[in-house]
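Protein chains in written order, with the numbering used here: chain U, 1 to 325; chain P, 1 to 287.
Where a beta carbon is used, it is the ideal one built from N, C-alpha and C, also for glycine.
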């Protein structure tokens, strides 16, 4: 089922190995600032790779996708803070609210097409954010925060941060593997058929409603896990950082930058985007105009390199085609 | 809960609704004609505010000259944005046009934040007040309503009475057929983008005469515009104006009945529900 092309290069193992080796560097060298940077980059890789499943493969622009990151974060955080549940258990249980929202709300909004769906996801994000801002059991606008002693059961704040980092790396690797498997399974073909022509997909015997909801749920799981790790490490969660529309749009920018509907695209896009932002912020000459420059670059990519970095590389260098999907 | 405060608050909200409606008309006009959801909309509203600031505080002229100027600047800016950022991808999937206008948004925010800083600004306008019983209505609010209605009326006259306006509506209805009738559709798309942006900047200019603001104030009004546009039906200018009144009234009334912070929860819940139940808006046909 997974072998659509007769002879395929070991693309997935190579990609996973590269990400794993890069992720292992700060653990080996014990460099905390590099670990923090890579934690954030792995988070972005996870977000971009996940939203690519529903937006890239299926063609549904999930504008408020960060809502799953926030729901997973809130769910896990509350379990840890209020009930003293261990991080790993809390992270897995935190997926439940995200999956429920993706399945129930997704089933309703995935009937909408095009701009209507995009706006609906925006509405869901803003509604959830506004609700959590008023929901006192979850701390309202102030949010929740840990008592520092909670890290004691993990052997101190340092080992807790390392635990969160390893977990984040594994989530990123799992998201990439899932993205690859979806793309190469019959399920992925169904998604791409829906993207190209939903009415034709129905004629071919695909149930678009069920298929789309399944894709939406898959794309919700990994951001929820990432949210649990991010806010566990942070020690504080509030609606503004959990349901940040800008970060939501940024993950779409990374997908387009790397290559919509490709496996490697979101990974490369996230890495390049974050590297570029770091470069712009630290450069004294460009720092004050970093948003302007980011906007110009995004516009150039959207207008002139629609297929993203992966698309450009594949077109330029035929040799890399088999290694870059 | 204070029933005595209900009437003034409702009137205030309703008056403000006209300005909300005007901004939303711009967004819905652009979507109706070009099928592009303009993510730079909020930033153009904010730019309208700064035109008034420049005219009133900078040049020392009457702030309402700034409102007129904002409309003219908006028309030009919208045409430029269309030609530079949208025209090339006008037939691409939604994601592309969304990100193209988002890029424009980033460019304007980035440049404006650097050049104008994010410190709060205000334009002092005194137009007196109208008092009747326990209700006080500020003159600035009444003038804003009159201008908003006049601008909406002018748009309607243009779209329904002039050849150019009819051409825009033809392109909105069926681009290919309009081209077969000899209409230059690219020009009409650019003009529609310009008109939509002019409405956004006019609304922003009016808001500047009512409240204080800063470079990032557009965001709130942008999300409000999305809610209103969906309420009235995407691409339906009349619906947008009525949607604006509904949201304005809703804000005015709910602010008295429930804590203000719950208002957005209701707004967005209504927004998602309308999309699900009546995606063509309250006024639109049932699919």
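Chain P has a Cβ within less than 9 angstroms of the Cβ of residue 288 (chain U). Contacts with chain P at 9 angstroms (Cβ-Cβ) include residue 59 (chain U).
By the Cβ criterion, the segment 163-183 of chain U is in contact with the segment 20-29 of chain U, since at least three pairs of Cβ atoms, one from each stretch, lie closer than 8 angstroms. For residue 5 (chain P), there is no enclosing alpha helix (DSSP H), as DSSP marks it with neither H nor E. Take residue 127 (chain P), set aside five residues on each side of it, and the residues of its chain with a beta-carbon closer than 8 angstroms to its own are 138, 139, 140, 142, 143, in chain order. Out of U:254, U:56, U:92, U:159, the CA that lies nearest to the CA of residue 77 (chain U) is found in U:92. Within the model, the alpha-carbon separation for residue 321 (chain U) versus residue 9 (chain U) is close to 10 angstroms. Around the C-beta of residue 12 (chain P), 16 or more other C-beta atoms lie within 10 Å, and the residue is accordingly described as buried. If you draw a straight line from the Cα of residue 241 (chain P) to the Cα of residue 174 (chain U), it is about 48 angstroms long. Nearest to residue 102 (chain U) by C-alpha distance, out of U:256, U:67, U:14, is U:67. Two segments are said to touch when three or more pairs of C-beta atoms, one from each, lie closer than 8 angstroms; by this definition the segment 46-65 of chain P touches the segment 206-218 of chain P. In the DSSP assignment, residue 143 (chain P) falls within the unbroken alpha helix (DSSP H) covering 139-161. A direct Cα-to-Cα measurement between residue 51 (chain P) and residue 90 (chain P) gives close to 29 angstroms. Rounded to the nearest whole angstrom, the C-alpha separation of residue 145 (chain U) and residue 229 (chain U) is 14 angstroms. By the Cβ rule, the segment 219-234 of chain U does not count as touching the segment 52-66 of chain P, because fewer than three pairs are nearer than 8 angstroms.
Contact fails between the segment 160-170 of chain P and the segment 245-254 of chain P, because fewer than three Cβ pairs, one in each stretch, are under 8 angstroms apart. Less than 9 angstroms separates the beta-carbon of residue 273 (chain U) from that of residue 44 (chain U). For residue 278 (chain P), no CB of chain U lies under 9 angstroms from its own CB, so it is not counted at the interface with that chain.
The alpha carbon of residue 121 (chain P) has as its nearest neighbour, out of P:211, P:17, P:132, the alpha carbon of P:211.
Scanning chain P for C-beta atoms nearer than 9 angstroms to the C-beta of residue 274 (chain U) yields nothing, as the closest lies near 16 angstroms away. Every alpha helix (DSSP H) of 4 residues or more that sits fully in the segment 220-274 of chain P is shown, in chain order, as 237-257.
About 19 angstroms separates the CB atoms of residue 249 (chain U) and residue 272 (chain P); that is not less than 8 angstroms, and the two are not in contact. Of the candidates U:189, U:214, U:213, the residue whose Cα lies closest to the Cα of residue 204 (chain U) is U:189. Approximately 6 angstroms separates the beta-carbon atoms of residue 98 (chain P) and residue 37 (chain P); this is inside 8 angstroms, confirming the contact.
In chain order, 302, 306 make up the part of chain U whose C-beta sits under 9 angstroms from the C-beta of residue 92 (chain P).
In the DSSP annotation of this structure, the continuous segment of the alpha helix (DSSP H) that includes residue 35 (chain U) starts and ends at 32-52. In the displayed model, residue 129 (chain P) falls within a strand according to three-state DSSP. Not flagged as an interface residue toward chain U: residue 247 (chain P), since no C-beta distance is shorter than 9 angstroms.
In terms of beta-carbon proximity, residue 74 (chain U) stays away from the interface with chain P, with every pair separated by 9 angstroms or more. At a beta-carbon threshold of 8 angstroms, the residues of chain P lying near residue 116 (chain U) are 234, 275, 279, ordered along the chain. Only residues of its own chain outside the window of five on either side were considered, and among them 143 have a CB closer than 6 angstroms to the CB of residue 238 (chain U), listed in chain order. A Cβ-Cβ separation of about 5 angstroms places residue 229 (chain P) in contact with residue 24 (chain P) under the 8 angstroms criterion.
Identification of chain U residues near residue 89 (chain P) by a Cβ-Cβ cut-off of 9 angstroms yields 302, 303, 306, ordered along the chain. Using beta-carbon distances, residue 299 (chain U) counts as an interface residue toward chain P, with a partner under 9 angstroms. Under a 10 Å Cβ-count criterion, residue 179 (chain U) is classified as buried, with 16 or more other Cβ atoms of the shown protein chains found around its own Cβ.
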